[in-house]
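Peer 1: Quick one: structure below, then a few questions.
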Amino acid sequence: SLQCGDDVTVCCKKDFYVKFKDIQWQDWIIAPEGYHMNYCMGQCPQALAGSPGIASSFHATVFSQLKANGINTAVSSCCVPIQRRPLSMVYFNSQHSIVKTDVPDMIVESCGCT
Amino acid sequence: ATTTGTTSGCASCGIPPMEKDSEQRLLVEIAKQQILNKLHLKERPNITSTVPSAALITALRKLHAGRVRPDGTIELEMKINDTKDQGYEIVSFAEMDEMDTTGAQPRLTFQFLQEQGHSIQVLQSALWLYVRSSDAPNSGPRPTVTAHIYLSGPGESCSNRTLLLEKILDVQKSNWYTFPITRTLQAFMDGGQRLLQLEVTCAETGVAGENGVSQNLCELGKTMDMAHQPFMVVQVRLREDPKHILQKR
Chain D
205 SLQCGDDVTV
215 CCKKDFYVKF
225 KDIQWQDWII
235 APEGYHMNYC
245 MGQCPQALAG
255 SPGIASSFHA
265 TVFSQLKANG
275 INTAVSSCCV
285 PIQRRPLSMV
295 YFNSQHSIVK
305 TDVPDMIVES
315 CGCT
Chain B
3 ATTTGTTSGC
13 ASCGIPPMEK
23 DSEQRLLVEI
33 AKQQILNKLH
43 LKERPNITST
53 VPSAALITAL
63 RKLHAGRVRP
73 DGTIELEMKI
83 NDTKDQGYEI
93 VSFAEMDEMD
103 TTGAQPRLTF
113 QFLQEQGHSI
123 QVLQSALWLY
133 VRSSDAPNSG
143 PRPTVTAHIY
153 LSGPGESCSN
163 RTLLLEKILD
173 VQKSNWYTFP
183 ITRTLQAFMD
193 GGQRLLQLEV
203 TCAETGVAGE
213 NGVSQNLCEL
223 GKTMDMAHQP
233 FMVVQVRLRE
243 DPKHILQKR
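First to last, the protein sequences are chains D and B.
Each number in my numbering comes from the position in the first sequence (counting from 1) with 204 added on.
Each number in my numbering comes from the position in the second sequence (counting from 1) with 2 added on.
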């Protein structure tokens, strides 16, 4: 997956890290120190849409078949997360309790065109 | 965006281009909301008095949640749940209230806030108590402590309490001891209550005379070392509340 630079055109992953101290949440979130709230942005031109390996799925296969047979469809292709990982957190959920949990699918690892 | 040939702020959601700062502020608010939603919290908890760091470090070690770096920050141990549904490990520290009846042990009160629309499945739960070694002379028989854990009913009297379990502990050296109370906690959660009150009595036996109770070795009450504050470790899983699903239907 592409890493977004300053000038974004094609589908890529934008890194965005928030330190809990910077948003005054460090008093109730014990760990980690921050959150990689990466997101996907950019265009999915026809050439990239549904390219296998980028966002391979049944939808992409059908889509590339249509494309290969020159059947121009109104379907547009979107830049979406294709790999995500959990966020492990330890936090105070009240005066006297600490909670540890792994929140699934919280961090975008890579992006691709549907 | 492709029709006009110019790149708009957000191709998929059509938000007009923003200047850098307000875009960052918007993203941070979105991230905050996402984290609170995923933790089933309506708003961020308001923490006025935190747990003493010594007790916190003890609990994190028991949670295998990670280690504490020299600068005091915590390095999380990434233990990824294999199941998709979200499990939680909770460490709840006891609030202590001294019993006004003489000789009885302080009562341990644990607070549990339950999320509406979810019922909780208690996978495992245990009470952790720190028991000091006996300072009796080594010549006698191995000192032991008989610990009794009671579920305390409402009100002050000792009469309406239910014995949950009894355990004989070898107190050759000070250590943490666990007392499994999974079924009790599941019944408590199913009852939708908020405060779980336990009473603990620890009688050292085998040292002073016949069944003489010589000293209390469980660290409880105001005099204890804060790093040895009793706590409960609970592993739970959220279940969609069957009643709630019916409503949905």
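All residues carry an ideal CB built from backbone N, CA and C; glycine is no exception.
Start and end of the alpha helix (DSSP H) containing residue 23 of chain B?
Peer 2: Taking the first residue of the second sequence as 1, we reach residue 23 of chain B at position 21. Residue 23 of chain B -> alpha helix (DSSP H) spans 22-40.
Peer 1: DSSP three-state call for residue 300 of chain D: helix, strand or coil?
Peer 2: The sequence position of residue 300 of chain D within the first sequence is 96, counting from 1. The answer is coil: DSSP assigns residue 300 of chain D none of H, G, I, E or B.
Peer 1: For residue 39 of chain B, count the other beta carbons within 10 Å of its own beta carbon; 16 or more makes it buried, fewer makes it exposed. Which is it?
Peer 2: Counting from one through the second sequence, the residue named residue 39 of chain B turns up at place 37. Result: exposed.
Peer 1: Closest by CA to residue 1 of chain B, which one among B:202, B:188 and B:48?
Peer 2: Residue 1 of chain B is absent from the structure shown; chain B starts at 3 and stops at 251.
Peer 1: Alpha carbons only, please: which of D:297, D:288, D:270 and D:292 is nearest the one belonging to residue 238 of chain D?
Peer 2: Residue numbering aside, residue 238 of chain D sits at position 34 when the first sequence is read from its first letter. The option with the nearest alpha carbon to residue 238 of chain D is D:292.
Peer 1: Closest to residue 62 of chain B by CA distance: which of D:285, D:249, D:235 and D:245 is it?
Peer 2: Along the second sequence, read from residue 1 onward, the residue named residue 62 of chain B stands at position 60. Of D:285, D:249, D:235 and D:245, the residue nearest in Cα terms is D:235.
Peer 1: Using 10 angstroms around the beta-carbon of residue 48 of chain B, count the other beta-carbons present and answer buried if the total reaches 16, otherwise exposed.
Peer 2: Counting from 1 along the second sequence, the entry for residue 48 of chain B is found at position 46. Exposed, since its Cβ has fewer than 16 Cβ neighbours within 10 Å.
Peer 1: In this structure, does DSSP put residue 315 of chain D in helix, strand or coil?
Peer 2: In the first sequence, counting from the first residue as 1, residue 315 of chain D sits at position 111. Residue state, collapsed to three classes: strand.
Peer 1: Helix, strand or coil: how does DSSP classify residue 196 of chain B here?
Peer 2: Walking along the second sequence from the start, residue 196 of chain B turns up at place 194. Correct three-state label for residue 196 of chain B: coil.
Peer 1: Say whether the stretch 129-138 of chain B touches the stretch 165-180 of chain B, bearing in mind that this needs 3 or more beta-carbon pairs closer than 8 Å, one atom from each stretch.
Peer 2: yes
Peer 1: What in chain D is Cβ-close to residue 47 of chain B, meaning under 7 Å?
Peer 2: By 1-based counting over the second sequence, the position of residue 47 of chain B is 45. Residues of chain D passing the Cβ test: 232, 296, 297 and 298.
Peer 1: So, is residue 152 of chain B buried or exposed, given that buried needs 16 or more other C-beta atoms within 10 angstroms?
Peer 2: Here residue 152 of chain B corresponds to residue number 150 of the second sequence, with the count starting at 1. It counts as buried.
Peer 1: Grab me the residues of residue 236 of chain B's own chain with a C-beta within less than 6 Å of its C-beta, minus the 5 sequence neighbours each way, in chain order.
Peer 2: For this step, residue 236 of chain B is matched to residue 234 along the second sequence. If we look at residue 236 of chain B and ignore the five residues flanking it on each side, its Cβ neighbours are 92 and 127.
Peer 1: Kindly give me the distance between the Cβ atoms of residue 274 of chain B and residue 232 of chain B, rounded to whole angstroms, as I take these residues to be in contact under 8 Å.
Peer 2: Since the first residue shown for chain B is 3 and the last is 251, residue 274 of chain B is missing from the structure and cannot be characterised.
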